[in-house]
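Notes to accompany the following structure.
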Amino acid sequence: MSPQMLERLGFALLDTVTMVGISAVIAVLAGIPLAVFLVLSAPGGLIRAPRAHSALAAVVNGFRAAPFIVLLVALLPFTRLVTGTTIGVWAAIVPLSISATPFFARIAEVSLREVDAGLIEAAQAMGCRRWHIVRHVLLPEALPGIIGGFTITLVSMIGASAMAGAVGAGGLGDMAIRYGYQRFDTTVMIAVLVVLIALVCLVQFAGDVTVRRLRAR
Numbered sequence: 015m016s017p018q019m020l021e022r023l024g025f026a027l028l029d030t031v032t033m034v035g036i037s038a039v040i041a042v043l044a045g046i047p048l049a050v051f052l053v054l055s056a057p058g059g060l061i062r063a064p065r066a067h068s069a070l071a072a073v074v075n076g077f078r079a080a081p082f083i084v085l086l087v088a089l090l091p092f093t094r095l096v097t098g099t100t101i102g103v104w105a106a107i108v109p110l111s112i113s114a115t116p117f118f119a120r121i122a123e124v125s126l127r128e129v130d131a132g133l134i135e136a137a138q139a140m141g142c143r144r145w146h147i148v149r150h151v152l153l154p155e156a157l158p159g160i161i162g163g164f165t166i167t168l169v170s171m172i173g174a175s176a177m178a179g180a181v182g183a184g185g186l187g188d189m190a191i192r193y194g195y196q197r198f199d200t201t202v203m204i205a206v207l208v209v210l211i212a213l214v215c216l217v218q219f220a221g222d223v224t225v226r227r228l229r230a231r
């Protein structure tokens, strides 16, 4: 590859990291409260709000079931309203966040449900309030599973960010299509593929190490 292409590859990688990083933060900040509410409001939960639970679960399932490319196109008017544009890194963050949040929320919900019910009952017997149970029992006990689920979410978001390049979102996917596919440059395609694989492996390795350390404590 020419020095110019290597420079473009570096900028494309930075765009991808920016898209995925900001979207991941939004997914965590929105997904964990969603997961906690789904667990608490479920039948037998600490809040027991079946109607609210069913309504929220339906919304989460609807967004989670929608293919990302369909969601990306469907959200174009909303994306334009929020960012003022439908192309570029910041425009891609909107559909990435909306797609990743329900996905991560469901994974976090599964981890929260796996917390031993005996711990929750013991906390209730000690007079702990619901917020204290969530803060000091549910979240700490489910943390390894949540981190593992967050790793899976990040890997999925990297793939989705590459797919978003098909509609001018920027990043590695955009570079692969514009400079590789459309110009029939196999070298660029292979370089982008190698960088994406390396990025996924790095994220997966970091997530696995973090989970193992948390479980060892």
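Here the sequence shown is numbered in the working numbering, starting from 15 and rising by one per residue.
We treat Cβ as the ideally placed atom computed from N, Cα and C, and that holds for glycine.
message: Using only CA atoms, which one of 187, 126 and 106 lies nearest to residue 204?
response: In terms of CA proximity to residue 204, 187 leads the group 187, 126 and 106.
- request: Below 8 Å CB to CB, which residues in the same chain sit around residue 200 once its five sequence neighbours on both sides are set aside?
  value: Hits under 8 Å: 194.
field: Three-state class that DSSP yields for residue 188 in the structure shown
entry: In the three-state DSSP reduction, residue 188 falls in the helix class (H, G or I).
task: Starting from residue 135, trace the alpha helix (DSSP H) both ways and give me its first and last residue.
output: Segment 131-139, the alpha helix (DSSP H) holding residue 135.
Residue span of the alpha helix (DSSP H) that contains residue 168, given as start and end: Unbroken alpha helix (DSSP H) run through residue 168: 153-178.
- request: On a CA-only basis, which of 94, 169, 49 and 116 is nearest residue 126? Give me that one, please.
  value: Relative to residue 126, the option among 94, 169, 49 and 116 whose CA is nearest is 49.
message: For residue 52 and residue 135, I'd like the C-alpha separation in whole angstroms.
response: The alpha-carbon of residue 52 is positioned some 19 Å away from that of residue 135.
Proximal residues to residue 55 (C-beta, below 8 Å), its chain only, five neighbours per side dropped: Taking residue 55 as the centre and dropping the five residues before and after it, the same chain places the C-beta of 61, 62, 63, 64, 66, 67 and 70 closer than 8 Å to its C-beta, in chain order.
message: For the alpha helix (DSSP H) containing residue 128, name the first residue and the last one.
response: For residue 128, there is no enclosing alpha helix (DSSP H), as DSSP marks it with neither H nor E.
field: Cut-off 6 Å between Cβ atoms - residues of its own chain near residue 300, not counting five sequence neighbours on either side
entry: Lying outside 15 to 231, the shown extent of the chain, residue 300 is not represented and no answer is given.
Run of the alpha helix (DSSP H) containing residue 146, from where it starts to where it stops: 144-147 is the extent of the alpha helix (DSSP H) around residue 146.
message: Using only CA atoms, which one of 213, 88, 18 and 147 lies nearest to residue 113?
response: Closest option to residue 113, Cα to Cα, is 88.
message: For residue 162 and residue 171, what's the separation of their Cα atoms in angstroms?
response: Going by C-alpha positions, residue 162 is about 14 Å away from residue 171.
- prompt: Are there 16 or more other CB atoms within 10 angstroms of the CB of residue 141, so buried, or fewer, so exposed?
  reply: Exposed, because fewer than 16 other Cβ atoms sit within 10 Å of the Cβ of residue 141.
Residue 101 to residue 41 span [Cα, whole Å]: Each residue's alpha carbon lies about 21 Å from the other.
message: For a cutoff of 8 Å on Cβ pairs, would you count residue 130 as touching chain B?
response: The structure shown contains no chain B, having only a single protein chain.
- request: Just mark residue 211 as buried or exposed, buried being the case when its beta carbon has 16 or more other beta carbons within 10 Å.
  value: Classification of residue 211: exposed, given that the 10 Å Cβ count is below 16.
- request: Specify, as a first and last residue, the run of the alpha helix (DSSP H) that residue 65 falls within.
  value: Segment 64-79, the alpha helix (DSSP H) holding residue 65.
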